[in-house]
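Residue numbering for the sequence shown follows this note's numbering, starting at 106 and increasing by one per position.
To keep things clear, I will list the structure first and then write my remarks on it.
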Amino acid sequence: MSAISHHESLPTMTIGEVMALLRSDFPDASISKIRFLEGEGLVEPHRAPSGYRRFTTQDVDRLRLILLAQRDHYLPLRVIKDRLEAGELEATLFPEEETEDPQPQGESQGQAGVEPTDEVPTPVDIDPGSRFTMRELGRHGGLSLDTVKELVKFGVLEPDAAQRFSGAQVLLCRAFATLRASGIDQRHLRQIKNSASRDASLIGTSVQHLRAEERRVAVAELMRAFSDAHRWLVVSELDRQGPTGR
Numbered sequence: 106m107s108a109i110s111h112h113e114s115l116p117t118m119t120i121g122e123v124m125a126l127l128r129s130d131f132p133d134a135s136i137s138k139i140r141f142l143e144g145e146g147l148v149e150p151h152r153a154p155s156g157y158r159r160f161t162t163q164d165v166d167r168l169r170l171i172l173l174a175q176r177d178h179y180l181p182l183r184v185i186k187d188r189l190e191a192g193e194l195e196a197t198l199f200p201e202e203e204t205e206d207p208q209p210q211g212e213s214q215g216q217a218g219v220e221p222t223d224e225v226p227t228p229v230d231i232d233p234g235s236r237f238t239m240r241e242l243g244r245h246g247g248l249s250l251d252t253v254k255e256l257v258k259f260g261v262l263e264p265d266a267a268q269r270f271s272g273a274q275v276l277l278c279r280a281f282a283t284l285r286a287s288g289i290d291q292r293h294l295r296q297i298k299n300s301a302s303r304d305a306s307l308i309g310t311s312v313q314h315l316r317a318e319e320r321r322v323a324v325a326e327l328m329r330a331f332s333d334a335h336r337w338l339v340v341s342e343l344d345r346q347g348p349t350g351r
């Protein structure tokens, strides 16, 4: 049986119906995101004679795994695709219980020779104020050492005087691993860094007259407000650009 006839033998749904099923669990998912995943070869919906995409329930299950791997495990698309093709992605997301105590996570002093990859381990809480070497930054941030060096070169990551990186920069690397899957590269991230520097300067100026405890509270409130303002500006701009086509 051909791939097309196999699709036609199963109940199918439109991309809008797929979004309705996914939105409750993945509120950040979008039609353009699904199209991007299709373009990367991670999902292959059938095309009806009219040209519209038609998805099976198997396609939706596949999308759920992909979105879960990105959101909760920070896996790059290359890794997700490889594990999908090998039939290993579900086992990666839902591993069986280990029979031995896992090695404690965090900064390890005994992992010399272990090269970080673009695959991120199960997320762990990171103290933004903690310090990491470049290799540890890549390992905990989910980026290869070469990618970390490129981010340093572009001025996105800046080590301290002891050549250490903060926990906040680890979390930045995790965010970049997700952004890169949608085509955001180091140059784009440099633009975001410039904008963040301006925001930090504005916030710093506005709270400099406050005492330490008051300053911490005010900074937290202002950061939430800046984050909300940025989000809704982006949403407003996307709305202004108009709805996407099929």
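Using N, Cα and C, we set each Cβ at its ideal position, and we do this for glycine too.
Here the structure is a predicted model, which is why all the values come from computation and not from measurement.
Which listed residue (the options) has its alpha carbon closest to that of residue i
i      : options                           : result
Gln175 : Ala191, Asp232 and Leu147         : Leu147
Glu145 : Gly243, Arg303, Asp177 and Leu189 : Leu189
Arg329 : Ala317, Leu343, Arg316 and Asp304 : Asp304
Pro132 : Ser155, Gln313, Phe141 and Leu173 : Leu173
Glu241 : Glu195, Ala317 and Phe270         : Phe270
Phe141 : Glu122, Leu182, Asp177 and Glu319 : Leu182
Gly272 : Val324, Met239 and Leu194         : Met239
Backbone CA spacing between residue i and residue j [nearest angstrom]
i      : j      : result
Thr162 : Leu168 : 10 Å
Arg345 : Val339 : 10 Å
Gly247 : Leu276 : 10 Å
Glu255 : Phe331 : 28 Å
Ala334 : Gly192 : 42 Å
Gly288 : Ile171 : 17 Å
Arg285 : Ile308 : 28 Å
Glu122 : Arg279 : 31 Å
Glu326 : Ala267 : 31 Å
Ile185 : Gln313 : 46 Å
Thr252 : Ala196 : 27 Å
Val257 : Ser155 : 49 Å
Val322 : Ser341 : 29 Å
Thr310 : Ser235 : 25 Å
Pro233 : Leu194 : 30 Å
Asp177 : Arg128 : 16 Å
Ser306 : Asp187 : 43 Å
Cutoff 8 Å; reference residue i; Cβ partners in own chain excluding five residues on either side
i      : result
Arg159 : His112, Thr117, Met118, Thr119, Pro150, His151, Arg152 and Ala153
Met124 : Ala134, Ser135, Ile136 and Ile139
Trp337 : none
Phe259 : Gln291, Arg292, Leu294 and Arg295
Lys298 : Gly260 and Val261
Glu143 : Glu149, Pro150 and Arg158
Val324 : Ile308 and Val312
Residue range of the alpha helix (DSSP H) that includes residue i
i      : result
Glu319 : Ala317 to Arg345
Val312 : Gln291 to Val312
Phe141 : Ile136 to Gly144
Ala196 : Leu194 to Leu198
Met239 : Met239 to Gly246
Gln268 : Here Gln268 belongs to no alpha helix (DSSP H), and DSSP marks it neither H nor E.
Ile120 : Ile120 to Leu127
Pro149 : One detail in the question is off: residue 149 reads as Glu in this sequence, not Pro. Note, Glu149: premise wrong, no alpha helix (DSSP H); not H, not E.
Asp130 : From DSSP, Asp130 is part of no alpha helix (DSSP H); its letter is neither H nor E.
Thr117 : No alpha helix (DSSP H) holds Thr117; DSSP gives it neither H nor E.
Ile171 : Thr162 to His178
Cut-off 7 Å between Cβ atoms - residues of its own chain near residue i, not counting five sequence neighbours on either side
i      : result
His245 : Ile231, Phe237 and Val275
Ser302 : none
8 Å contact criterion, which residue i and residue j should meet: CB distance rounded
i      : j      : result
Ala282 : Tyr179 : 5 Å
Leu360 : Val165 : Outside the modelled stretch of the chain, which goes from 106 to 351, sits residue 360, for which no answer is possible.
Nonlocal neighbours in the same chain, by C-beta distance under 6 Å from residue i, ignoring five residues either side
i      : result
Asp130 : none
Leu343 : none
Arg316 : none
Pro357 : Since the first and last residues shown for the chain are 106 and 351, residue 357 lies out of range.
Arg320 : Val312
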